[in-house]
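Residue numbers (our numbering): 66 to 252.
Glycine included, every Cβ here is placed at the ideal spot set by N, Cα and C.
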């Protein structure tokens with residue numbers, strides 16, 4: 066019986082996720098069919114449906130895995146909630162993106178990624194940035210504008226870096242970001 070935790074089941078799920086990323090490099094997720102995904106993963110449709118209900122479920126699992134991988138890189142002892150955008154923290158993010166550049170390159174070109182990014186950034190704003198800025202006596206309206214600017218610039222830099230196949234070392238990208246982020250409230 067196929068259980069979620071047996072090795073064969075895990076390998077099949079991994080093949081499906083890898084096939085999804087491969088296809089998303091050339092095609093939007095909204096144009097993707099289960100048949101095409103199964104063909105790329107070399108499985109039949111019944112195998113797909115024994116693991117997932119939809120392509121969206123595969124994408125959600127993949128996003129969760131990528132997110133868990135990123136968050137696992139932050140040591141609780143070293144993380145300073147008053148400096149979430151420290152150069153050390155941004156370097157961790159950049160290294161993670163470079164190591165997972167195939168996923169991010171495909172992900173950021175998807176028509177649905179903007180909604181997902183909106184959600185992720187709103188969580189970051191609500192749970193980390195606004196509390197930090199309130200402690201520094203910056204009102205929420207100003208914080209939202211600062212954060213919108215930061216978010217747009219950060220995503221644009223990441224997209225440019227991905228378009229260049231992440232040829233520059235994370236430290237080089239970090240130096241560009243550091244030059245831009247000279248404002249003491251942002252650090």
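Considered as a whole, the region 179 to 206 harbours 195 to 200 as its complete alpha helix (DSSP H) runs of no fewer than 4 residues, in chain order. Apart from sequence neighbours up to five positions away, the residues of its chain that approach residue 80 with a beta-carbon distance below 8 Å are 106, 107, 108, ordered along the chain. For residue 122, the uninterrupted alpha helix (DSSP H) run begins and ends at 120 to 137, by DSSP. Contact annotation: residue 89 and residue 120 have beta-carbon atoms that are not nearer than 7 Å. Taken atom to atom, the span from the alpha-carbon of residue 85 to that of residue 207 is near 40 Å. Taking 7 Å as the cut-off, the beta carbon of residue 94 is found closer than this to the beta carbon of residue 177. Around the C-beta of residue 82, 16 or more other C-beta atoms lie within 10 Å, and the residue is accordingly described as buried.
Residue range 152 to 164 is occupied by the alpha helix (DSSP H) that includes residue 156. With fewer than 16 other Cβ atoms inside 10 Å of its own Cβ, residue 133 counts as exposed.
Within its own chain, the residues whose Cβ lies closer than 8 Å to the Cβ of residue 243, once the five positions on either side in sequence are excluded, are 152, listed in chain order.
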